[in-house]
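What the sequence shown shows, in the working numbering, is residues 1346 to 1815, in sequence order. The beta carbon of each residue, even a glycine, is placed where N, CA and C say it ideally should be. This one's a predicted model, so the numbers in the text were calculated from it and none came from an experiment. Structure first, commentary second.
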Amino acid sequence: MSATATTNTTATEAATIDNGGVMSKVREVFAKLDANGDGHLTRDELHDGLKLLKLPATEADVDALLARLDIDKDGNVSLLEFEAFAMAQSKLLRKVFDDLDADKSGTIDVEEVRGSLRRLGMKYDDGAVTKLIKRIDVDGNGKIDFNEWQTFLLLVPSATVDAIFRYWEDAMMAFDSEDGVILPPAHKPKTLMDSVAVPMTSRTATAPLERIRTIYQVQSTKPSIDAISRQIYAESGVSGFWRGNGANLLKVAPEKAIKFWTYETIKATFGKKDADISPHERFIAGAGAGVFTHTLSFPLEVIKTRLAAAPNGTYTGITDVVRKIVTKEGPMAFFRGLTPSLLSTAPHSGIDLTVYEVLKREYTKRNEGKSPGVITLLGCASASSVAGLLACYPLHVAKTRMIMQSMHGAPQIYSGVWNVFTQTYSKEGFVGLYRGLVPSILKSVPSHCITFVTYEFLKKQFGVEKHSKH
């Protein structure tokens, strides 16, 4: 049966049954959305109409809803298609309503909403739950009946319990723009504090590969990963693979937390909901966050690199590195290599975060508003990690080599970033500029996956996901 035939049949059933006047309400909604009154909804009319009704109207919301409404895929939505959608939507909403109505009273109250939010891992205080109820409760009796439920959620793109609560939250924020209330509160400090645990876990797990990568980058020869691993083990045992990890944790914990927080803060300056932010704006936010945080933490990058790449016995620990650099090389040595590091950090962070979010958003768009699962997030994080590395890796090599030169009075080999490139290319060829790429990818991909997946989990736990849309 064709899409048109299906639409006509369903619409006829709708007109006959009308489900207690529901279809007349559906037609009223259609008329409000149909700004020019031509009997068809365009994408722009749908977008503007949702905003008028104070419902979620991001690009992703509109795309997901249009994908379900436009049965014949001609780019417009007829009244028949709208009615067919409403009939199908009503059945889906009834199922979710009945599942939430735990006491089978025919209404949903505060306790039932709170219990459902708890099962979904979404944390709200009592005041926030009450406001959610009030957003739907037209008659003001403190409970939601099915007619109120169905009327409010008619245009939800995906009628699953998780998607409904996320949509409900978005609609609450759209409605609250009149009285200044925003849910949930204080999300940025939570993001800052809780994202500290994420990079510490990932960096500790991948520390052995980080040390192998660093040693690779400062050598002009091409030893195998196995040879470097044997060398590390022979010199220091198993613990040698984690040499420099303490400094790395001191660096990466605040760096990653501040980077995520700064990224969200810069995006907020664009004055848009996250789903409406363009790729180039995401790039600007990612690059800005990367440059700011990397500059603050660069002295710890120098300490970490020295501990990881220096010959065994050169340093006894973090304080010994600091003391020897200050007394033998001067304070400016803590910023040697900053230029190539910043040159790589800006595009790397921009590419990394942009690719990740664009891929995640594209998945949501293609799956009718469905949030990506863990496997999809792993794929997005892996792709973004590799893309950033390939684009900027020669600058990472230059940074590491500049950090290690002039150590303890040794002669200075490189005069600047370009000199690192020319000397490396003339002596080692093009491959020298990508020295250590394999262990770097082996280290970076799982680290990124752990970081991004854990970060998404924390955002969902603390209600950040839909407020910031990141």
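Check whether the Cβ atoms of residue i and residue j sit closer than 9 Å, and answer yes or no.
i               : j               : result
valine 1374     : leucine 1500    : yes
asparagine 1421 : histidine 1385  : yes
glycine 1781    : isoleucine 1560 : yes
valine 1700     : cysteine 1725   : yes
leucine 1734    : serine 1686     : no
glycine 1695    : isoleucine 1629 : yes
lysine 1596     : serine 1642     : yes
valine 1636     : alanine 1579    : no
lysine 1617     : alanine 1409    : no
glycine 1485    : lysine 1479     : yes
Beta-carbon within less than 7 Å of residue i's beta-carbon, same chain only, minus the 5 sequence neighbours each way: which residues are those?
i               : result
glutamine 1768  : Tyr1759
isoleucine 1663 : Gly1591, Ala1592, Ile1648
glycine 1589    : Arg1556, Lys1649, Leu1652, Ala1653
arginine 1378   : Correcting the residue identity first, residue 1378 is leucine in this sequence and not arginine. Leu1386, Glu1390, Leu1391, Gly1394, listed in sequence order.
threonine 1684  : Val1762
arginine 1459   : Val1474
Leaving out five residues on either side along the sequence, give the residues of the same chain with a beta carbon under 6 Å from the beta carbon of residue i.
i              : result
leucine 1594   : Met1545
threonine 1638 : Glu1600, Ile1603, Lys1604
glycine 1682   : Lys1744, Met1747, Ile1748
alanine 1380   : Glu1390
How long is the line joining the alpha carbons of residue i and residue j, rounded to whole angstroms?
i                  : j                  : result
glycine 1487       : glutamate 1493     : 12 Å
leucine 1723       : threonine 1796     : 10 Å
histidine 1876     : aspartate 1482     : This structure cannot speak to residue 1876, because the chain is shown only from 1346 to 1815.
valine 1719        : alanine 1728       : 14 Å
threonine 1387     : leucine 1787       : 47 Å
alanine 1295       : threonine 1640     : For the chain, the structure presents residues 1346 to 1815; residue 1295 sits outside this window and is missing.
lysine 1533        : proline 1624       : Its pLDDT being 44, under 50, lysine 1533 is placed unreliably in this model, and the value from its coordinates should be taken loosely. Whole-angstrom Cα-Cα distance: 22 Å.
serine 1522        : aspartate 1665     : Here the model assigns serine 1522 a pLDDT of 39, short of 50, so the residue's position is not dependable and the matter cannot be decided.
leucine 1778       : glycine 1761       : 15 Å
proline 1644       : phenylalanine 1680 : 6 Å
threonine 1607     : isoleucine 1622    : 16 Å
alanine 1632       : serine 1689        : 10 Å
arginine 1575      : proline 1568       : 11 Å
aspartate 1417     : glycine 1382       : 20 Å
serine 1717        : leucine 1438       : Note that residue 1717 is proline in the sequence shown, not serine. C-alpha separation (whole angstroms): 22 Å.
phenylalanine 1615 : lysine 1449        : 46 Å
Leaving out five residues before and five after residue i in sequence, what residues of the same chain have Cβ atoms less than 8 Å from its Cβ?
i               : result
tryptophan 1587 : Thr1549, Ala1552, Pro1553, Arg1556
aspartate 1446  : Thr1452, Ile1453, Glu1457
valine 1563     : Ala1654, Thr1745, Arg1746, Met1749
Any idea if residue i is buried or exposed, counting beta-carbon neighbours within 10 angstroms, 16 or more meaning buried?
i               : result
valine 1798     : buried
tryptophan 1763 : exposed
valine 1776     : exposed
valine 1790     : buried
methionine 1368 : buried
glutamate 1702  : buried
glutamate 1426  : buried
On a Cα-Cα basis, can you pick out the residue from the options that is closest to residue i?
i               : options                            : result
asparagine 1657 : Phe1679, Val1703, Ser1584          : Ser1584
arginine 1372   : Asp1406, Val1783, Ser1423          : Ser1423
leucine 1462    : Asp1417, Ala1508, Asp1389, Glu1428 : Ala1508
histidine 1693  : Ser1730, Ile1670, Ala1412          : Ser1730
alanine 1399    : Gly1695, Leu1498, Cys1794          : According to the sequence shown, residue 1399 is lysine rather than alanine. Answer by Cα proximity: Leu1498.
glycine 1466    : Lys1596, Ser1369, Phe1766, Arg1511 : Arg1511
tyrosine 1770   : Ser1792, Val1783, Pro1739          : Pro1739
alanine 1429    : Asp1415, Leu1438, Phe1442, Val1441 : Asp1415
serine 1581     : Thr1659, Ala1634, Glu1646          : Thr1659
How about residue i: is its C-beta nearer than 9 Å to some C-beta of chain D?
i           : result
lysine 1649 : This model lacks chain D altogether; it includes just one protein chain.
Quick check: does the Cβ of residue i come within less than 8 Å of any heavy atom belonging to the ligand NAP?
i           : result
serine 1547 : What this structure holds is no ligand at all, so the ligand NAP is not there to describe.
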